[in-house]
Amino acid sequence: MQSYLSLTIATVALSTLVSHAKNRAPRFEADMESLRQYECPEWFLDAKFGIWAHWGPQSVPMHGDWYARAMYEQHSKGKRADTYDFHCKTYGHPSEFGFKDIIPLWKAEKFDPDALMKRYKAAGAKYFVSMGVHHDNFDLWDSKFNRWNAVDMGPKRDIVAAWQQAAEKEGLKFGVSEHLSASYDWFQVAHGADKDGPKAGVPYDGADSKNWDLYHAPSTAKRQWVSTNGQFAQLWFARMTDLLENYQPDLLYSDAALPFGHYGEQMLANYYNADLKKNRGRLEAVYLAKPARHNKGWETFDGETCVEDRERGGLADISPHPWQTDTSIGDWFYNEHWKNEDTGTMYRSPFWVLSTLVDVVSKNGNMLLNVLQRPDGSIDPEVVDLLDTLAQWMDVNGEAIFETRPWIKFGEGPQKREGAADWKEDFEYTPKDIRYTRNKKNSVLYAIPMGMPTENIELKEVVNSSREVKSVKLLGSKEKIIWTQTDDALIITKPDLSESNVLPVFRIKWK
Numbered sequence: 019m020q021s022y023l024s025l026t027i028a029t030v031a032l033s034t035l036v037s038h039a040k041n042r043a044p045r046f047e048a049d050m051e052s053l054r055q056y057e058c059p060e061w062f063l064d065a066k067f068g069i070w071a072h073w074g075p076q077s078v079p080m081h082g083d084w085y086a087r088a089m090y091e092q093h094s095k096g097k098r099a100d101t102y103d104f105h106c107k108t109y110g111h112p113s114e115f116g117f118k119d120i121i122p123l124w125k126a127e128k129f130d131p132d133a134l135m136k137r138y139k140a141a142g143a144k145y146f147v148s149m150g151v152h153h154d155n156f157d158l159w160d161s162k163f164n165r166w167n168a169v170d171m172g173p174k175r176d177i178v179a180a181w182q183q184a185a186e187k188e189g190l191k192f193g194v195s196e197h198l199s200a201s202y203d204w205f206q207v208a209h210g211a212d213k214d215g216p217k218a219g220v221p222y223d224g225a226d227s228k229n230w231d232l233y234h235a236p237s238t239a240k241r242q243w244v245s246t247n248g249q250f251a252q253l254w255f256a257r258m259t260d261l262l263e264n265y266q267p268d269l270l271y272s273d274a275a276l277p278f279g280h281y282g283e284q285m286l287a288n289y290y291n292a293d294l295k296k297n298r299g300r301l302e303a304v305y306l307a308k309p310a311r312h313n314k315g316w317e318t319f320d321g322e323t324c325v326e327d328r329e330r331g332g333l334a335d336i337s338p339h340p341w342q343t344d345t346s347i348g349d350w351f352y353n354e355h356w357k358n359e360d361t362g363t364m365y366r367s368p369f370w371v372l373s374t375l376v377d378v379v380s381k382n383g384n385m386l387l388n389v390l391q392r393p394d395g396s397i398d399p400e401v402v403d404l405l406d407t408l409a410q411w412m413d414v415n416g417e418a419i420f421e422t423r424p425w426i427k428f429g430e431g432p433q434k435r436e437g438a439a440d441w442k443e444d445f446e447y448t449p450k451d452i453r454y455t456r457n458k459k460n461s462v463l464y465a466i467p468m469g470m471p472t473e474n475i476e477l478k479e480v481v482n483s484s485r486e487v488k489s490v491k492l493l494g495s496k497e498k499i500i501w502t503q504t505d506d507a508l509i510i511t512k513p514d515l516s517e518s519n520v521l522p523v524f525r526i527k528w529k
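As numbered in our numbering, residues 19 to 529 make up the sequence shown, in order.
Set out below in structure tokens:
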């Protein structure tokens with residue numbers, strides 16, 4: 019196991035990979051112009067729906083996202099304002115019991131990836147994404163460059179490998195998410211101390227140099243999402259190379275724009291080239307990155323080099339390029355204190371999940387949905403019920419989602435998004451809000467009311483298509499649908515919807 023910032027190894031890894039890349043004359047070079055050759059593979063365009071395990075040692079306190087940072091913020095504000103007090107009350111002061119002491123408590127003793135993957139596949143997932151490393155700097159794989167990893171600590175198990183084996187067994191594409199690029203500045207709070215109170219001035223455990231391979235070396239630089247520290251960039255490159263070479267995932271997600279300048283460009287070129295070799299000249303890899311909104315020093319975003327990701331957000335209209343929203347059925351990590359407005363529980367409703375998915379797919383996007391796990395790896399009965407409801411809906415209506423493409427209009431109705439935005443995903447949809455998808459041949463149109471209609475359904479955009487309707491069917495129903503195509507709309511007489519689940523779907527065939 020390597021010590022903190024194994025710079026020699028990281029530098030050798032970089033030079034070796036560059037040399038190997040040159041020797042095999044890759045299709046992609048480590049520059050943005052070359053990377054713009056990227057084309058999103060068909061499997062991702064067809065998949066539409068993936069499930070994510072945003073799970074790790076930060077799940078242990080069951081107190082939600084960013085626990086490893088917020089436990090060191092004495093007077094934090096916002097949704098994590100109570101984390102410091104909770105930690106002190108539950109575990110002790112962070113000078114005595116820090117995040118390093120939370121890690122051994124993560125045992126994952128009920129983790130059954132095979133059983134979970136069967137359930138995720140039944141719920142409609144076509145790809146699965148494992149957490150690789152969060153901002154907490156803890157690797158969930160058998161890491162060569164970080165002793166803080168799940169094989170040597172905590173569950174003493176290669177979590178990434180376990181998820182990958184389960185996904186491949188079920189025929190799902192497999193991905194990994196990395197949040198390491200933001201870790202260096204994110205974790206600097208661990209070097210601080212209380213500003214007031216009985217422990218004022220007493221350093222947190224991150225101030226001890228013995229722990230810097232977890233909390234990073236102290237920095238006085240201006241805080242940015244992606245640090246401009248070149249040594250950390252090298253370590254990031256080495257660890258990402260280790261991850262990609264050993265697991266060869268179909269998908270890689272970064273919680274940032276492409277980070278670290280040339281290091282990021284080299285990582286991405288190597289990833290694409292290795293995938294080309296694996297697939298005999300056919301590029302099947304997907305790299306997801308976010309718009310560069312935090313800092314420009316190391317981050318680069320170009321929607322032509324990868325697939326754009328929107329965190330808990332979406333687009334106002336159809337995008338000419340495939341994209342993804344990543345979102346969750348609750349907080350990002352298990353949080354027994356989290357309450358959703360639509361359910362009054364810590365979990366989202368099936369209606370919210372499906373209406374969000376439908377809206378995203380209608381605009382040429384995919385949805386990656388985080389399914390929360392308890393610290394032991396199990397899922398709550400409410401989550402089982404949610405997944406079962408999704409499975410029932412997909413069995414009947416999946417043809418309107420999978421292997422579809424956006425129509426000439428994403429939809430119609432009163433609820434509209436103003437521009438592209440992250441962290442905006444709650445809308446008061448009504449049955450008058452309609453979303454459209456189509457099959458690849460453009461011979462079938464799917465119309466999906468974003469609520470259960472109580473009166474006739476009027477589809478005004480269908481008339482604007484200048485195509486004549488041949489037939490209308492309510493998926494999952496044997497009832498003969500009565501419809502009329504006027505100069506103003508396709509009017510569907512409200513059928514019996516008593517057997518419809520969450521959202522009805524109408525299949526419209528053209529003459």
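Each residue gets a CB set at the ideal place from its N, CA and C atoms; glycine is no exception.
query, result
"Whether L276 touches T318 by CB criterion (7 Å)", "yes"
"N-terminal and C-terminal residue of the beta strand (DSSP E) that D346 is part of", "Before going further, note that residue 346 is Ser rather than Asp in the sequence given. Taken as a continuous stretch (DSSP letters only), the beta strand (DSSP E) holding S346 covers 341-346."
"Same chain, Cβ closer than 7 Å to P513, neighbours up to 5 away in sequence not counted", "L492, S495, E497, I499"
"Ordered list of beta strand (DSSP E) runs contained in the region 46-124, each at least 3 residues", "67-71"
"Residue closest to K187, alpha-carbon to alpha-carbon, out of K139, S396, K217", "K139"
"Assigned secondary structure, N388 (DSSP; H/G/I helix, E/B strand, else coil)", "strand"
"Check whether L261 and G150 have beta carbons under 7 Å apart", "yes"
"Where E51 falls, given that 16 or more other Cβ within 10 Å makes a residue buried", "exposed"
"Nearest-angstrom Cα separation, counted from E400 out to A465", "29 Å"
"Residues of its chain near M89, where Cβ-Cβ distance is below 7 Å and the 5 sequence neighbours each way are ignored", "T101, Y102, H105, P112, F117"
"The region 249-268 in contact with the region 160-169 per 3-pair CB rule at 8 Å", "yes"
"Backbone secondary structure at A287 - three-state DSSP", "helix"
"DSSP-derived helix/strand/coil call for K478", "helix"
"Proximity below 7 Å, CB of D268 to CB of G348", "no"
"Integer-rounded CB distance, given that I336 should sit under 8 Å from P424", "5 Å"
"Cβ-based neighbour list, V520, same chain, cut-off 6 Å, excluding 5 preceding and 5 following", "P368, F369, L372, W411"
"7 Å CB neighbourhood of R137 in its chain, flanking five on each side removed", "L405"
"CA nearest to the CA of W243, picked from Y233, H280, R87, Y202", "Y202"
"Paired residues, beta bridge with G383 - DSSP", "W341"
"Collapsed DSSP secondary structure at S195 in the structure displayed", "strand"
"Coarse secondary structure for R165, derived from DSSP in three states", "coil"
"C-beta contact flag for Y85 and Q76 at 7 Å", "yes"
"Range of the contiguous beta strand (DSSP E) that encloses K488", "487-492"
"Where T34 falls: helix, strand or coil (DSSP)", "Per-residue confidence for T34 stands at a pLDDT of 42, beneath the threshold of 50, marking its modelled position as unreliable; no derived number is given."
"Backbone secondary structure at Q266 - three-state DSSP", "coil"
"Integer-rounded CB distance, given that G383 should sit under 8 Å from Q342", "6 Å"
"Reference V462, options I426, V220, Y290, closest by Cα", "I426"
"Collapsed DSSP secondary structure at A43 in the structure displayed", "Annotation note: pLDDT 45 at A43 (below 50); position unreliable, no value reported."
"Length of the line joining the Cα atoms of A185 and L123", "26 Å"
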